Amino acid sequence: MELFSALGANIDHRNLIQLDGTSPSQHALYERSPVFSDTTTSSLSRKLDLESDDRKRLELWKHFWLEYIDSFDTLATVRPDSVATAYLGGHAVELGFKYLLLAKTNSFIRTHNLGVLAEKVNNAYSPLPAYCDWIVDFCTLYQKCVEEGHIEYFRYPEYGGAEGSSLFKGMKLDIHWISYNLALITLKLLHLAGIER
C-alpha cells in the first residue's frame, strides 16, 4: 500500500499543493466537513447554535472527544508501542477532563497539563467515585516524571533530561504501559460522564 493512498489513489510528491484548502470559505463550496464519532459536523452544525444553547455546545464537545477516543483506540490496536499512540491518548484524556468540566461548570481551564486538569475535575466532582482513585495522582506524576513539565512531550523527539540535554526519555519508556493507563483513565472518564461505548 502506498503512503496516504486512502486520501487519493494518485497522491504523489509531484502533485500541486491546493492553496484553496487554506480558506475555510472554500470548504463550504465542496460541501465537505469533518466527521466526529461517525457524525458529520455539517449535520451537527445544522442542529447547533453554540452561542445560545449550552447543551448543544456540550454535545459538540462530546462528539469531538469521542472522535479522539476512536482514533486513540485505532492507534492502540495497530501501533500500541508508538509515541504517536501515547500522544493521542494524552489528548483524549485532556479532552475528557475538559468535557467533564464543561458539563459541570460550563467552563474549562485552558491548559494541556493533565495534572492540573485532573485536580480541577476532582474538585468539581468531589468526591469522585472509588473507580476514579489514582487518576489525579497518575496525571500529576505523569506530568512531573514522564513529561517533566513539557506539556507536548511526545510531540517532539528532543524533550527530557537535564537542561541543555537533547535526550528523549521516550526511547526508554514502556509506551504500551503509558497508553494502557491513558486508555484506562479514558474509560473511567467516559463512565463518569455517563457515556457508554
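Residue numbering for the sequence shown follows my numbering, starting at 617 and increasing by one per position.
Using N, Cα and C, we set each Cβ at its ideal position, and we do this for glycine too.
From a predicted model like this one, the values you see are computed outputs, not experimental measurements.
Annotation: the continuous alpha helix (DSSP H) that includes K804 extends over 791-809. At the C-beta level, G712 and T802 come within 9 Å of one another. A Cβ-Cβ distance of about 12 Å is found for the pair R813 and L805, leaving them out of contact under the 8 Å criterion. Put simply, of G624, A809, A622 the residue whose alpha carbon is nearest the alpha carbon of A719 is A809. In the three-state reduction of the DSSP assignment, T727 falls in the coil class. Note on V694: under 16 other CB atoms within 10 angstroms of its CB, so exposed under the neighbour-count rule. Taking a C-beta distance under 9 Å as the contact criterion, L716 and V737 qualify as a contact pair. Under the DSSP definition of a beta bridge, V762 lacks any partner.
Contact fails between the stretch 695-710 and the stretch 738-748, because fewer than three Cβ pairs, one in each stretch, are under 8 Å apart. If you look at D636, you'll find it isn't in any alpha helix (DSSP H); DSSP assigns it neither H nor E. A distance below 7 Å between beta-carbons, with the five flanking residues on each side excluded, links N631 to no residue of its chain.
Secondary structure note for E710: its alpha helix (DSSP H) is the uninterrupted segment 699-721.
About 4 Å separates the beta carbon of F652 from that of H679, a gap short enough to meet the 8 Å contact definition. Note: F652 is bridge-paired with T655 in the DSSP secondary-structure output. Straight through space, the alpha carbons of F754 and L635 are spaced by roughly 43 Å. With a threshold of 16 other beta carbon atoms within 10 Å, T690 falls short and is exposed.
Residues of the same chain with a CB within less than 6 Å of the CB of E683, apart from the 5 flanking positions on each side, are F652, S653 in chain order. By the CB criterion at 9 Å, I791 and S698 fall inside the cutoff.
By the criterion of a C-beta distance shorter than 8 Å, E618 is surrounded in its chain by I627, once the five residues flanking it on both sides are discounted.
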